[in-house]
Amino acid sequence: MKFLVDENLPASLAKRLREEGYQAEHILELEMKGVKDEKIARYAKNEDYILLTKDLEFGSPEHYPPQSHNGVVIVRLPNRLGVEAIHSKITDFLQNYSPENLKNFVNILEEARYRRRPLENTDK
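Below is the structure:
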């Protein structure tokens, strides 16, 4: 499973994901800091990444229609948890879901629950 970690999440998260056996890159590692969200979505799609972000806009079909990305995990964890706890919550979450359960879905990870909705079929 490949993940692109948005700049609104700690760079250390990509490192932690790699330690857990995932392919992961952080926006800063790719020298894409400050790049517009549209370009990030396009890059993630072209490189077959699932995007990890705090940006709610990526979950909006009006802003990012289904064909604009491969799937997204929107992280809605409170900052009060601290970086290590956030890392743990995200890695625990990813270990419980196969790539098929994340890819082509908008996934929302919250402190006490997880929600998801499929990207609409665009082959109509």
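Convert by adding 1366 to the 1-based position in the sequence shown; the result is the number in the numbering used here. All residues carry an ideal CB built from backbone N, CA and C; glycine is no exception. In this text, all values refer to a predicted model and were calculated from it rather than measured experimentally.
Quick one: grab the DSSP three-state call for residue i.
i: Glu1386; result: coil
i: His1392; result: strand
i: Asp1489; result: Bear in mind that the predicted position of Asp1489 carries a pLDDT of just 46, short of 50, making it unreliable; the figure below should be weighed with that in mind. DSSP places Asp1489 in coil when its eight states are reduced to three.
i: Val1439; result: strand
i: Asn1428; result: Residue 1428 is actually Glu in this sequence, not Asn. Three-state DSSP puts Glu1428 in coil, outside helix and strand.
i: Glu1476; result: strand
i: Leu1375; result: coil
i: Val1449; result: helix
i: Tyr1409; result: helix
i: Glu1466; result: helix
i: Lys1402; result: coil
i: Glu1397; result: coil
i: Asp1458; result: helix
Closest to residue i by C-alpha separation, out of the options, would be which residue?
i: Ile1393; options: Glu1386, Arg1382, Leu1375, Leu1383; result: Leu1375
i: Asn1470; options: Lys1402, Glu1423, Lys1455, Pro1432; result: Pro1432
i: Pro1427; options: Lys1368, Val1472, Val1371; result: Val1472
i: Gly1448; options: Glu1477, Tyr1430, Pro1465, Lys1402; result: Glu1477
i: Leu1359; options: Gly1400, Arg1482, Glu1450; result: Nothing can be reported for residue 1359: it is not among the residues displayed for the chain, which extend from 1367 to 1490.
i: Asp1458; options: Ala1407, Val1401, His1429, Arg1479; result: Arg1479
i: Lys1331; options: Arg1384, Leu1383, Asp1372; result: As shown, the chain starts at 1367 and ends at 1490. That puts residue 1331 outside it, with no answer to give.
i: Tyr1409; options: Ile1456, Val1438, Lys1455; result: Val1438
i: Arg1384; options: Pro1444, Leu1422, His1453, Tyr1430; result: His1453
Name the DSSP bridge partner or partners of residue i?
i: Phe1471; result: Pro1484
i: Phe1369; result: Ala1390, Ile1416
Just to confirm, are residue i and residue j a CB contact at a threshold of 7 Å?
i: Lys1405; j: Asn1436; result: no
i: Leu1370; j: Glu1397; result: no
i: Leu1485; j: Val1441; result: no
i: Glu1389; j: Lys1368; result: According to the sequence provided, residue 1389 is Gln. The question's Glu does not apply to it. It is a contact, given that the beta carbons lie within the stated cut-off.
Quick one: is the Cβ of residue i within less than 6 Å of any heavy atom of the ligand COA?
i: His1453; result: For the structure depicted, the ligand COA is absent and the ligand set is empty, with no information on it obtainable.
inquiry  = Would you call the segment 1370-1386 in contact with the segment 1409-1419, where contact means no fewer than 3 C-beta pairs closer than 8 Å?
reply    = yes
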